Structures are given as structure tokens and as C-alpha cells.
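Heads up, the thing below is written out as C-alpha cells.
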Amino acid sequence: MSPALFSPLALRGTRLRNRIGVSPMCQYACGSDGLATAWHLVHLGARAAGGAGLVVAEATAVAPHARISDADLGLWSPAHAQALRPVAEFIAAQGSVPGIQLAHAGRKGSTRAPWVGRKAMAPDEGGWEVQAPSPLLFSEHSALPRQMGAAEIAQATSEFAAAARLAQMAGFRYVELHFGHGYLAHQFLSPLTNQRDDGWGGDFEGRTRFVRETAAAVRAAWPDELPLAVRLSMTDWLEGGWTLDDAVRLAGELKGLGVDLVVCSSGAIAPGSQPPQGPAMQIPFARRVRDEARLASGAVGQITQASQAEEIVAGGGADLVFLARAMLRDPQWALHAAEELGEPAAWPVPYARAVAKRARN
Ligand SMILES: Cc1cc2nc3c(=O)[nH]c(=O)nc-3n(C[C@H](O)[C@H](O)[C@H](O)COP(=O)(O)O)c2cc1C
């Protein structure tokens, strides 16, 4: 029997050639204009040529003030779409589905690339004013956010929708909304970061409103035949925080709004959370989304081995797996996994001599 990991997956009108996704990973490789560079083409393109079914570009800011750092990728003008177009086209030409993650950092913004230094950048150093549902610091290193007003919340929703339209212009065929990892949408969801007493806070309905309205606005802006995914932190791993039950309930509501896939991550709302370590830790979250919300799910987190990925998909743990660090170590992870699982590996034609030689060895 052929491996489940290498069976195609249909999401609306998009067909993935296998169940292997390159998880979005910030590269901090832009100038302060947020325009894609040669690095994005090489980094993402290599992983598409490496056989992944889906390649998702990093958390991409929907507005300049939505960036994590001044080196983030952005998508807030036609020039940004133009710069990304060769990247999406190259990924598609390799037989992968080009995807992009749209993001707003909220209170985790106005920083520098992590290797430059953790301290927030002040506006006179090229930083910007950060906004959040409530005026609460992320950490001692962060900028103090200003509480968003109703008009600013509506603006953030429309910035996500506008970015989705630009993603289509750029040639992407999969959009993932970054609603996890402690960024703006997650700041609305978690009671630890949302202390509002208006219509965007309080109970589950209030705290999920921004996410529901933004998902609906993006769905309306993004073509019907293309899949829309959402990445959630499925738990805060903190007392009094966002819980797995909340996340599964939200996944069910997102399905009703036309979301096709939930990628199940966790944590990062506050520096103090202590997620348990281990390769299988987030798989049960993806299984609950499939079984209870009846929605396709993506598993992510410490997936490194072909046999492990096969077991997750074949065992019904998730519809597809996303790999981050393993893909940094080996851009051809998917081709190597195919060989390991006895599946024909579609090496790029110009590499044929190396592969044929290896087969003789
Ligand atoms: C260098 C790097 C950058 C990352 N940037 C993002 C990002 O832009 N968006 C996101 O949702 N997760 C991001 N992550 C998290 C990964 O997508 C993934 O969820 C996490 O690393 C766990 O998967 P892994 O064990 O396969 O690395 C990043 C991880 C790494 C290592």
C-alpha cells in the first residue's frame, strides 16, 4: 500500500501532491520596506524543489505597524505583491502549492530580528507604536501597547482582507491566518491579554469576535475555490488562559465561516508558559479538531521522521503535517521521506545524475 503521507489532499480547488507542508518561518530577511528578497525565493523555492506539497511563506505583516520586526516580510501594497510574485510562481512551477501566512503582531511588535537584540525598538530608532486589545506588556523587553479603539479593530480586520486580495495577485493559492503564538488575534482570544469590557472582550463570544470577523472578511475577499487556513495556539499552557476546549469550539465556528483547515500549535502568549516537551505533544489537538469540529487539521511541532509523519496521517491524527526546523536542516526532507517510505521520489530533473548515481551505490 502506498504511504498515506504521499496521498494527495484536496482543499477546495487546490490539490496538494502530498501531506507535507513547510511550516511558516520568519526569516527576518527584508529591508525596512517589507519587500520580498532573493532570500525568500531561494529559501522557499528550495523546499518546493525538495518535494513538499505545500510551502507557506513566513508570518507576513498586513500593515507596517503589524510587523514583529523591521526585517519582516509585508503585504500591504501592490509593490509587495509584485515582489512576492516570482516566489509564488517558482513554488507552483515545482509542483508545490504556494501559501502565505498573514499576520499582525499586536503587542509583540516593534522589535529587531532576534539575533540583533531583544529590546523593543523605540519610534525614534525606526520602531512604531504597538497596539493591542488591552494595554498590557508582553515582557520587560517589549513596548507598552496602546489599547485599540473600535475603528482600529475594524481597520485591522480590513487590512487582513486587503492582504488576502494582494496574496491572490501575487499568485498564492493558500492563505493561512496567524491567529496563534501570542500575536494580535491570540491577544484577543486569551483572557490573560484581553481585559476589555466592550464587545471585543469578556466572554467567549466577545474574545473570539475579532477572529470570527476577520476570518469572515478574509473569506469574502479570497476566491471561493482557494483554501483558507487558520493557525491557532490550542492552549496557552497557563492557568486562567485560553484552553483546548475553547480552541476546539472556535474551530467549529470557523468551519461555519468558510475556514478549511486549522493548524494546531500552542503557547507563546506570555513568556512564562511551560509547554511540555515531546514530539507528539500537539498531535492530540489536531485530532480533536478533526474528530470534534469535523474540520481538516494540520499537525505541527517536533515532527522530524518520515515514519512519524506517516503514522500521524495514516492514523487519523491530522490531514497533513507541517515541519519547520527539520525543513531548515534538510530542504529535501520530503524527497528523502519518499525514499524512506518506498515511494517514488520526484527529484528535480536537473538533479537526476546525482540520484541515479546514488541508486547504484
Ligand atoms: C526560524 C523559525 C521561524 C518561525 N516563524 C514562524 C512564523 O512565521 N509563523 C508561525 O506560525 N510559526 C513560526 N515558527 C514556528 C514553526 O512554524 C513551528 O510551529 C515550530 O517551529 C514547531 O515546529 P518544528 O518542531 O517542526 O520546528 C517559526 C519557527 C522557527 C524555527
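Using this note's numbering, you'd call the opening residue of the sequence shown number 951 and step up by one each time.
C-beta atoms are modelled at their ideal positions from N, C-alpha and C, and glycine is treated no differently.
Since the model is a prediction, treat every value here as computed from it, not as a measurement.
Per-residue burial, Asn1311 [other beta carbons within 10 Å of its own, 16 or more giving buried] = In this predicted model, Asn1311 has a pLDDT of only 48, less than 50, meaning its place in the structure is not dependable; the value taken from the coordinates is given anyway. Exposed: under 16 other Cβ atoms inside 10 Å.
query = So what's Gln1081 in DSSP terms, helix, strand or just coil?
reply = Look at Gln1081 here: in three-state DSSP terms it is strand.
ask   = Can you name the residues that DSSP bridges to Cys1214?
value = Leu1182 and Ala1249
query = Would you report the Cα separation of Ala1117 and Val1125, rounded to the nearest angstrom?
reply = 8 Å
request  = Could you have a look at Phe1129 and say whether DSSP puts it in helix, strand or coil?
outcome  = Note: Phe1129 maps to strand in three-state DSSP.
Residues near Leu1087 in its chain [Cβ-Cβ closer than 6 Å; skip 5 each side] = Taken in chain order, the residues that qualify are Leu1094.
request  = Quick one: using the 10 Å Cβ neighbour count with 16 as the cut-off for buried, is Met951 buried or exposed?
outcome  = exposed
Val1037 versus Ala1043: straight-line alpha-carbon distance, rounded = 10 Å
request  = Measure the Cβ-Cβ separation of Ala1031 and Ala1120 and say whether it is below 8 Å.
outcome  = yes
query = Do Gln1232 and Ser1215 have their C-beta atoms closer together than 8 Å?
reply = yes
heavy atom of ligand 1 below 7 Å from Glu1008 C-beta = It does: the Cβ of Glu1008 is within 7 Å (strictly closer) of some heavy atom of ligand 1.
message = Within the continuous beta strand (DSSP E) that includes Ile1050, where are the two ends?
response = Val1047 to Ala1053
request  = Would you kindly report the start and end of the unbroken alpha helix (DSSP H) that includes Gly1000?
outcome  = Counting along the chain, Gly1000 falls outside any alpha helix (DSSP H), and DSSP gives it neither H nor E.
task = Sort out for me which residues DSSP pairs Thr1158 with in a bridge.
result = For Thr1158, which the question treats as bridged, DSSP gives no partner whatsoever.
message = So, with DSSP's three-state summary, where would you put Arg1310?
response = With a pLDDT of 49 at Arg1310, under the threshold of 50, the predicted position of this residue should be treated as unreliable, though the coordinate-derived value follows. In the structure shown, Arg1310 sits in a helix (DSSP, three-state: H, G or I).
inquiry  = Quick check: the stretch 1161-1171 against the stretch 1200-1215, are at least 3 beta-carbon pairs closer than 8 Å?
reply    = yes
query = Candidates Pro1221, Leu1211, Pro1177 and Glu1175: which alpha carbon is nearest Leu1188's?
reply = Pro1221
task = Would you kindly work out how many angstroms separate the C-alpha atoms of Met975 and Val1006, rounded to a whole number?
result = 8 Å
query = Anyone know if the C-beta pair for Trp1150 and Phe1160 falls short of 8 Å?
reply = Taking 8 Å as the cut-off, the Cβ atoms of Trp1150 and Phe1160 count as close.
request  = Please look up how many angstroms separate the CB atoms of Ala1053 and His1128, rounded, as I've assumed it's under 8 Å.
outcome  = 4 Å
As assigned by DSSP and simplified to three states, the class of Thr987 = Thr987: coil per DSSP, three-state reduction.
message = If I measure Cβ to Cβ from Leu991 and keep anything under 7 Å in the same chain, skipping five residues before and after, which residues do I get?
response = Pro1036, Val1037 and Phe1040
ask   = Among Val1198, Arg1169, Gln1105 and Ala1011, which one has its Cα closest to the Cα of Leu1182?
value = Val1198
Three-state secondary structure assigned by DSSP to Tyr1301 = helix
inquiry  = Just to confirm the assignment, what range does the alpha helix (DSSP H) spanning Ala960 have?
reply    = Premise fails: Ala960 lies in the beta strand (DSSP E), Leu959 to Leu961, not in any alpha helix (DSSP H).
ask   = Are the Cβ atoms of Ala979 and Ala1021 separated by less than 8 Å?
value = yes
request  = Within its chain, find whatever has a CB closer than 6 Å to the CB of Gln1282; leave out the 5 residues flanking it on each side and keep chain order.
outcome  = Gly1000
query = Gly1076 to Val1305, Cα distance in whole Å?
reply = 48 Å
request  = Please classify Thr1143: does DSSP put it in a helix, a strand, or coil?
outcome  = coil
message = My output table needs one value for Phe1138: the three-state DSSP class, helix, strand or coil.
response = helix
inquiry  = Within a Cβ cutoff of 8 Å, which residues of the same chain sit near Arg1146, ignoring the five residues on either side of it in sequence?
reply    = Pro1083, Ser1084, Gln1097, Gly1152 and Gly1156
query = Taking all protein chains shown into account, do 16 or more other C-beta atoms lie within 10 angstroms of the C-beta of Tyr1301, making it buried, or fewer, making it exposed?
reply = exposed
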